[in-house]
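Visitor: For the sequence shown, UniProt numbering begins at 1 and goes up steadily by one. From the three backbone atoms N, C-alpha and C, an ideal C-beta is built for every residue, glycine too.
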Amino acid sequence: MLREWKIPLLIHQPSYNLLNRWVDKTGLLDTLEDNGVGCIAFTPLAQGLLTGKYLSGIPEGSRMQREGKKVRGLTEKMLTESNLNSLRLLNEMAQHRGQSMAQMALSWLLKDQRVTSALIGASRPEQLEENVLALNNLMFSEKELAQIDQHVADGELNLWQASSDK
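Written out as structure tokens, the structure reads:
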């Protein structure tokens, strides 16, 4: 339709992160690349789940504490023991890589050159400074990628699957 109207599509902004992998499963990145369209990953840190903020529970003043009963988005019911265990394993992996979990999550996205940018929502300058350091290590071994898949994709930690399928 856009071609018919002669409107160029330059960028697509899907929700995409380690925990929401529908972009991989549907071949969206291939389609975007075939059409010369970039991808800006929205919610690259899964609304804070990939920052490590929730590994020990729900912090006072956090988004989840304020909005934990919401039906959509980040909710308390996402913090099952199984999901927390997977997040803890990802956090350990990140530490072995010399990164924070947030840095590893951003590195994982940006390792793919079809992902042209990641839209982060830093609330403090220190968060931005930390996140930019993700660019220092975009390389993942096959073993690391398999571990990520084991802890996330294979572990059914795609918390947004229902909304992504719509």
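(1) Is the beta carbon of I40 closer than 8 Å to that of L119?
(2) How far does the beta strand (DSSP E) with A41 in it reach, from first residue to last?
(3) I'd like the list of long-range same chain contacts for L28, defined as Cβ closer than 7 Å, with 5 residues on each side in sequence excluded.
(4) With DSSP as the reference, please indicate the residues paired to V23 in a beta bridge.
(5) Per DSSP, which one or two residues make a beta bridge with N17?
(6) Can you list the alpha helix (DSSP H) stretches of 4 or more residues lying completely in the segment 68–132, in chain order?
(7) Since A105 contacts P44 with CB under 8 Å, what's their CB separation in whole angstroms?
(8) Have a look at residue 227 and D149 and give me their C-alpha separation to the nearest angstrom.
(9) Alpha carbons only, please: which of T51, Y54 and L18 is nearest the one belonging to E144?
Guide: Walking through what the data contain:
(1) Contact annotation: L119 and I40 have beta-carbon atoms nearer than 8 Å.
(2) G38 to F42 is the extent of the beta strand (DSSP E) around A41.
(3) Correct list, in chain order: P14.
(4) Paired residue(s): none; V23 is not in a bridge.
(5) BP columns for N17 point to N20.
(6) Secondary structure within the segment 68–132: the alpha helix (DSSP H) runs of 4 or more consecutive residues, fully enclosed, are 81–96, 101–110 and 125–132 (chain order).
(7) Contact flag correct, Cβ pair sits at about 6 Å.
(8) With the chain covering only 1 through 166, there is no way to say anything about residue 227.
(9) Nearest option by C-alpha distance: L18.
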